[in-house]
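Inspection log for the structure reproduced underneath, given as structure tokens.
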């Protein structure tokens, strides 16, 4: 879904390469939008929601949407009967004031820009760049081109003075686009339960999870699901109402181990299942990269193109994804999830399930943690990259801007008054990597489908964050959920893709050693292949995508050249990733997934699309 909202007249010629954009007029504002189903309008209000925003205390779906939008307009944070995973624009028709808001995870981006008398709001950086003719932001481009994670930090974008809403942010503007008021939702982790599982805690959690899935899928008899062999997507699958026609999709060959697991999960859920293997999409034709960048601004993990290029739904309907942030198993509590920590404490925490000691937070350890994160972020801001991007003269300015953006994230974390220092890393991950990178999995699907991750919704993420870390870590809560929930018990004998052969319901004393053994064998097989320089040698213990062979796609290097035919970054920058692709092809470099290479190509394509039709 794409829209732009402005007090400026929007010339459709500037967006003629976007399909299905309709022109609307609201009060003195102009709108271009390609999906009118995302609009909710009453006599008093007009709203556009990317994602879903509903009042689940009401029965009628239209009433749910109206009440959800009205609640966000008038009250932030919202009451507990309001939920959703969303970014929304809401116009009060009576006084022409505008509110934009996003949930605490902010997986659907929304941008705003005030330029002189002109004011723009959009969920497309390409559209807002074209219509505003804003200059490019050097710090924003550097962050996207280099890292960490090839992503912008905080509110930064690639356009000067154009900001992205921060997680949980709510802003009210007057009719001229002047900021009146700003608020934040700091409701995560605010009511952490004890580390003893309460009676009915599992049942209550599952009841609301099903409610969220029901809200996502209410207006469609057809429901698709991106189904992996992991825990999170099988939880979603089990929550889909029985009266829905379920189609499950997996990327990769039918014969891949994960595809086989997904097929078993689908079979016991009476869902159809399709696996799509289309290796040309990992380095797609330039036209494909350009079109998906324009339509979704979310191209990076090109496995999704295997599904999206090959599925043609008869109508636009929901596609569900698992929990993006890995909050339920607390995988982003970094200190307690290292390989070394797990090895040293396997018996204590995995088998005996003893309490894990957590560190009470205070201002000193927060400041020390911040310093560590700042050092990590700035470790990417080195002379090498400034030289390759011809930005040596802007180095101080870019570093200063990045530090300002990092402080935006630190301020958001500090506002939550987290009780344990171990939670700093988790919330930082949600506010950076999940928000900017893993969210692409939803957004790339959100043009052909209505893409939702129910576990990332406002109320669901609050519930997850309020489960004590001792219960979430090492899948303790998730395992009980799978064991005690009738709708999920049907999956108990099906292994996960991470831990082969052993049924998911078996004890950790069996599962974790198998996981460790599989990882060691995988590492040995890849090292053997690297040493022999033979891509036909076995790549993994269990069949999965063979990245060494991906780099041997016939047109791989030609397509990579084509992405930079119009180079908006620099020749040196392009050559780094072109040479890296060649090294991976010849196994001189480890054949990692190509997301780093595609990130730069996508950024270059995005800049080109913004410049298109500019005078």
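In the working numbering, the protein residues as written are 707 to 1321. In this text, a Cβ means the ideal position worked out from N, Cα and C, and glycines have one as well.
Helix, strand or coil at residue i [DSSP, three-state]
i: residue 823; result: coil
i: residue 1223; result: helix
i: residue 859; result: coil
i: residue 976; result: coil
i: residue 1159; result: coil
i: residue 1218; result: helix
i: residue 1276; result: coil
i: residue 1229; result: helix
i: residue 1297; result: coil
i: residue 659; result: No answer is possible for residue 659: the residues shown for the chain start at 707 and end at 1321.
i: residue 792; result: strand
i: residue 758; result: strand
i: residue 834; result: helix
i: residue 1027; result: coil
i: residue 865; result: strand
i: residue 1247; result: coil
i: residue 797; result: strand
i: residue 1330; result: Absent from the structure is residue 1330, since the part of the chain shown begins at 707 and ends at 1321.
i: residue 881; result: coil
i: residue 1046; result: helix
i: residue 1003; result: coil
i: residue 764; result: coil
i: residue 674; result: There is simply no residue 674 to check, as the chain begins at 707 and stops at 1321 in what is shown.
i: residue 1257; result: coil
i: residue 1139; result: helix
i: residue 1290; result: helix
i: residue 786; result: coil
Neighbourhood of residue i by C-beta distance below 6 Å, restricted to the same chain and skipping five residues each side
i: residue 975; result: 943
i: residue 841; result: 866
i: residue 1031; result: 1136, 1140
i: residue 918; result: 1160, 1163, 1166
i: residue 1292; result: none
i: residue 1151; result: 1025, 1157
i: residue 737; result: 711, 730
i: residue 1193; result: 944
i: residue 714; result: 824
i: residue 1330; result: No answer is possible for residue 1330: it lies beyond the span of the chain, which begins at 707 and ends at 1321.
i: residue 812; result: 873, 1141
Identity of the residues DSSP links to residue i by a beta bridge
i: residue 817; result: 828, 870
i: residue 1314; result: BP columns for residue 1314 are empty, so no partner.
i: residue 876; result: 807, 889
i: residue 737; result: 711, 730
i: residue 845; result: Residue 845 pairs with nothing; no bridge assigned.
i: residue 1203; result: According to DSSP, residue 1203 bridges with nothing at all.
i: residue 956; result: 981
i: residue 747; result: 752
i: residue 1129; result: DSSP output for residue 1129 lists no bridge partner at all.
7 Å Cβ shell around residue i - same chain, five flanking residues per side excluded
i: residue 790; result: 757, 758, 759, 760, 774, 809, 1163, 1164
i: residue 1297; result: 1253, 1254, 1257, 1290
i: residue 992; result: 1265, 1268, 1269
i: residue 850; result: 856, 857, 858, 864, 1309
i: residue 920; result: 947
i: residue 1043; result: 1037
i: residue 1076; result: 1116
Sequence-distant residues of the same chain with beta carbon closer than 8 Å to residue i, five excluded per side
i: residue 1158; result: 757, 758, 791, 922, 1024, 1025, 1026, 1027, 1148
i: residue 1182; result: 1059, 1176
i: residue 1235; result: 1241, 1243, 1244, 1245, 1254, 1293
i: residue 1274; result: 1310, 1313, 1314, 1317
Rounded Cβ spacing between residue i and residue j (contact assumed at less than 8 Å)
i: residue 1300; j: residue 1056; result: Contact flag wrong, Cβ pair sits at about 34 Å.
i: residue 818; j: residue 827; result: 5 Å
i: residue 1202; j: residue 937; result: 6 Å
i: residue 894; j: residue 1174; result: The Cβ separation is near 14 Å, so there is no contact.
i: residue 1189; j: residue 1211; result: 6 Å
i: residue 996; j: residue 1311; result: 6 Å
i: residue 795; j: residue 729; result: Contact doesn't hold; Cβ gap of about 16 Å is too wide.
i: residue 1022; j: residue 825; result: Contact flag wrong, Cβ pair sits at about 30 Å.
i: residue 1120; j: residue 1064; result: With 8 Å as the limit, residue 1120 and residue 1064 do not qualify as a contact, their Cβ atoms being about 18 Å apart.
i: residue 1007; j: residue 994; result: 14 Å between Cβ atoms; not a contact.
Secondary structure, alpha helix (DSSP H): runs of 4+ residues fully inside the stretch 883 to 950: 907 to 923, 937 to 945
Uninterrupted beta strand (DSSP E) stretches inside the stretch 1055 to 1125 (no shorter than 3 residues): Runs found: none.
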